[in-house]
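> Can you read through this structure? Questions will come right after.
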Amino acid sequence: MESSPFSIETLVKKVREEIFSTFDVYNSFVSASAYDTAWLAMIPAENPNKFEQCCGPMFKGCLEWVLNNQKEEGFWGERDMNGLPTIDSLPSTLACIVALKKWNLGDTNINKGLAFVRENSETLLKERHHSLPRWFTIVFPAMVELAQATGLGVDDEVKGVLADVLLKRQQFLETEGDVNDYQYYPPLLSFLEALPSTCDIDRETILKSLNKDGSLFQSPSATAYAFMATGERKCKEYLERLVRRCPRGVPPMYPMDEELIKLSLVNQVTRLGLAEHFSGEIEVILSEAYRQGHDGIALFSRRYFYMYLCSKSNAFAGSFCWFVHDEDILAHIERNSGYFMSAMLNIYRATDLMFSGENELKEARSFARKLLEKNMRRRCEEDGLLEMPSFHEVVEYELSLPWIARLDHLDHRFWIEANDHVDALWIAKASFYRLSCLHNDKLMKLAVENYKLRQSIYQRELEEVTRWDGKGLCGHGRIIFEALDGLVTDNAKKHLRQQGSDITDNLRDIWRETFGSWLVETTRSNNGYIPSMEEYLDTGMISIANHTIVLPASCFLNPNLPTHKLKPSQYEPITKSLMASSRLLNDIQSYQKEQLDGKTNLVLLHLKGNPNAEIEDSISYVKGMLDEKKTELLEHALMDYGSNDLPKPCKLLHLSCLKVFQMFFNSSNRFDSDTELFHDIKRGIYIPPENPVPRRIPSPSKTETKCSKVKARLISESKYQGGRNFNTGQNFAWSATPISVGRDKVVIPPKFRLCFPATKDFWGTAGVRGNFGRSFLWGRGY
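So, in structure tokens, the structure goes:
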């Protein structure tokens, strides 16, 4: 069924209300981390009387969240796009059952969680045997050891698969060495809660590594452990701020980069072809990102990549490529190239738009492409940002077909149909999370309906073309004249009704100029006259006739093209760049055909004027001319200087026409082929895209939810009798020396030895390493 503007407008309104009107990142868009929430649930409350046992958890809401959010199958964590548990469900589930066991709550939950780990560990690990992420090899063994020390028997059941993971962990630890070494990302110290005793981390190291906000690398789990180990007041204040901000389960990092999430939304909306419906909201987000992008913090971040990528199309300028001159940073990226796959893809996409003099961008583009191709050959699956099944398909698509050669309409279809990006899992330190603003059914439905509406418009336009029927007319010239006269007359009448001015003579002048160029070329050919390259291009850029399309169409945009710009003597530089680029594209791919037809071609003219040159030399020369003209056009189209008299929609239409010609002549002469464009035409105009609405993620049964809520109420009623704190022998069989935390005591399990004295009074210099982590460890965009 054909989409209607009314139904689309209704969807636009709903999407605007759901996504753009209240942009609450923590409580609306980012899924909670079971792993990090469980670690906060383990923290005992401070007891005013240090001689008494603790009076329960410090953050009861976190413990309640753990009780309420176990999946029906028994695990905590995320599902993949097929509704199956992801690999992070193993450490997350273990952390949650440890938290419940600590407070003697949720026996049913604990048993179901243990059953899940025992029954699914081997299957989940086998699926990722050759590509286990670094974070998993560090965190999973630690959670198994922690559960074992708590009295939860899981070791025997996972012994077979655990051996391989332990071996990989040891390899990572030996390779990376000192926890103070920041050459790997994220640094080992950010996994404080999961590091083995062999790391020998002392108190001073932890305190010196705290950020100014009191966190350890913005990681709730690492900060929770740092607080339990040191009793540092700033850590506690950070955790309290976190829980006040996120009372329904904590995110995997805090604070999160809200601008990055907003820019991800802009990227999503734009690539789905919906930017025109949310232009105001996009402008606000980009303007704010542009202002914050110049705050001197971590320019080399995904946030800035997205900002640069989006802002280049919205008249902002900037550069993030200072890193190409820093050998240490280049070496760091190459050493961790798999982790930076999506970052390199964003650089590559951003550098599709290069202006004159931006040599750093060329270097960055070359570097990014080299790493992407390297990891594609290796089929590297460890990216630091996304877990997305079609990620390699997206990379291959970007590398194989330049952005300038892709029609926006077909590009939107690719993004709609590569629909698992909608269900992509974002990767935090030790768990996955989702962004619900991207995982939105109405947004995807709007994208499909919008695409179908455009198809219906294109179909009607094609029907209009079919009325150019030559029956009853004599000769090709008569057919062309009648059809063209009808086209000019109709367009002029329509413009008179809409804009109030008559452009009949202007349109006729454009076509008169074009027919004149065809006559000049025919006369030259008949007389055997060989023009100079300059003469040829002056005529050829008119005879390619791209201006006969873009200028009349620009008259009907809003705001429209000023009438005086239709005069040949008044063409804007962007129009001349488009005309020249179109001719050069044609000549590079059609010189063989035109040589056989006895026609002149710029490649052939250069070859004739340079007898010692090879045909490849002439092609390369013309390509250089083309690159220069395309760069000029991009600058005029996307920047606010130059072509000031031309409205923005007119300039963007010029860019669209260039992309059409680039598609025709990108790697071959597809324009003269009867079949090469057939598939694209069908997909662009006739075949609607499949509705890519993601499958619904199964939710816990009503019985389980109700049961969990009943148990959650017991938390506030329970007095935590029986000394349910970390040093309770019955529940947490950890034989270690208590360490003072506030007025309570916490026991550090033997597998996690911290080499510092049991003292609370320590005045460290917080924030030294933390700030360095923010500005240097750019992979996260913290």
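Here the sequence shown stands for residues 27 to 808, where the numbers follow the working numbering. Where a beta carbon is used, it is the ideal one built from N, C-alpha and C, also for glycine. These numbers were taken from a predicted model, which means no experiment stands behind them.
Where Leu398 and Ile355 are concerned, what is the direct C-alpha to C-alpha distance, given to the nearest angstrom?
17 Å
> Going by DSSP in three states, Phe32 sits in which element: helix, strand or coil?
helix
> Should the region 290-303 be called in touch with the region 252-269, which here means at least 3 C-beta pairs below 8 Å?
no
> Please state whether DSSP places Val276 in a helix, a strand or coil.
coil
> Looking at C-alpha atoms only, which residue of Ile645, Glu475 and Asn237 is the closest neighbour of Leu37?
Glu475
> Would you report the Cα separation of Ser416 and Ile373, rounded to the nearest angstrom?
19 Å
> Only counting the same chain, and skipping five residues up and downstream in sequence, which positions put a Cβ closer than 8 Å to that of His137?
Rather than His, the amino acid found at residue 137 in this sequence is Asn. Taken in chain order, the list of residues that qualify is empty.
> Using the three-state DSSP reduction, which class does Ile856 fall into: helix, strand or coil?
In the structure as shown, the chain starts at 27 and stops at 808, and residue 856 therefore has no counterpart that could be examined.
> So Arg297 packs on Trp441, CB below 8 Å; how close in whole Å?
With a contact defined as Cβ atoms closer than 8 Å, Arg297 and Trp441 qualify at about 4 Å.
> So for Ile227, helix, strand or coil by DSSP?
strand
> Just the C-alpha distance for Leu617 and Arg550, rounded to the nearest angstrom, thanks.
Leu is not the amino acid found at residue 617; the sequence shown has Tyr there. Across the structure, Tyr617 and Arg550 are spaced so that their CA atoms are roughly 17 Å apart.
> Going by beta carbon distance, what residues of the same chain come within less than 8 Å of Ser527, once the five residues before and after it are set aside?
His521 and Thr589
> What are the start and end residues of the alpha helix (DSSP H) that includes Glu99?
Glu99 -> no alpha helix (DSSP H), and no H or E assigned at all.
> Hey, Asp62 and Val276: beta-carbon distance below 8 Å or not?
For Asp62 and Val276, yes; Cβs fall inside 8 Å.
> Give me, in chain order, the residues of the same chain whose beta-carbon lies closer than 7 Å to that of Ala738; leave out the 5 immediate sequence neighbours on both sides.
With a pLDDT of 44 at Ala738, under the threshold of 50, the predicted position of this residue should be treated as unreliable, though the coordinate-derived value follows. Around Ala738, the same chain offers Glu90, Leu93 and Asn94 as residues with beta carbons nearer than 7 Å, after the five sequence neighbours per side are excluded.
> Helix, strand or coil for Val56, going by three-state DSSP, please let me know.
strand
> Note down the Cα distance separating Thr119 from Glu266, rounded to an integer number of angstroms.
24 Å
> Below 8 Å on the Cβ atoms is my contact criterion, and I expect Leu513 with Gly710 to pass it. Report the Cβ-Cβ distance as a whole number of Å.
No, Leu513 and Gly710 are not in contact; Cβ-Cβ is about 22 Å, not under 8 Å.
> Would a C-beta distance cut-off of 8 Å place Leu583 and Phe687 closer than the cut-off?
no
> With Val576 as the anchor, note down where its alpha helix (DSSP H) starts and where it stops.
His573 to Ser580 is the extent of the alpha helix (DSSP H) around Val576.
> Please look up how many angstroms separate the CB atoms of Pro715 and Arg534, rounded, as I've assumed it's under 8 Å.
About 41 Å; that fails the 8 Å criterion.
> Under 8 Å, do Arg144 and Phe198 count as touching if we go by C-beta distance?
Not in contact: Arg144 and Phe198 (Cβ atoms no closer than 8 Å).
> Kindly indicate the opening and closing residues of the alpha helix (DSSP H) around Tyr617.
Judged by DSSP secondary structure, Tyr617 falls within the alpha helix (DSSP H) whose first and last residues are Pro599 to Leu622.
> With DSSP run on the structure shown, which of helix, strand or coil describes Leu110?
coil
> Just tell me which of Glu104, Gly186, Trp65 and Lys97 has its CA closest to the CA of Trp129.
Trp65
> Who pairs with Leu684 in a beta bridge, going by DSSP?
Leu684 is not bridged to any residue.
> Please report how far the alpha carbon of Leu387 lies from the alpha carbon of Met380, in whole angstroms.
7 Å
> Taking all protein chains shown into account, do 16 or more other C-beta atoms lie within 10 angstroms of the C-beta of Pro83, making it buried, or fewer, making it exposed?
buried
> Say whether the region 619-629 touches the region 644-662, bearing in mind that this needs 3 or more beta-carbon pairs closer than 8 Å, one atom from each stretch.
Three or more Cβ pairs drawn from the region 619-629 and the region 644-662 lie within less than 8 Å of each other, which places the two stretches in contact.
> In three-state terms, what does DSSP make of Ser327?
Low local confidence applies: a pLDDT of 44 at Ser327 is under 50, so the model's placement there is unreliable, with the coordinate-based value given in what follows. Under the three-state reduction of DSSP output, Ser327 falls in the coil class, being neither helix nor strand.
> Tell me the DSSP bridge mates of Pro83?
Its beta-bridge partners are Pro70.
> For Val310 versus Ala301, is the C-beta spacing smaller than 8 Å?
Their beta carbons are not under 8 Å apart, which means Val310 does not touch Ala301 by this criterion.
> For Ile45, which of helix, strand or coil comes out of DSSP?
helix
> Return yes when the Cβ of Leu469 is within less than 8 Å of the Cβ of Ile45, no when it is not.
Judged by beta-carbon spacing, Leu469 lies within the 8 Å limit of Ile45, meaning their Cβ atoms are closer than that value.
> If we call anything under 8 Å between Cβ atoms a contact, is Ser382 one with Thr657?
yes
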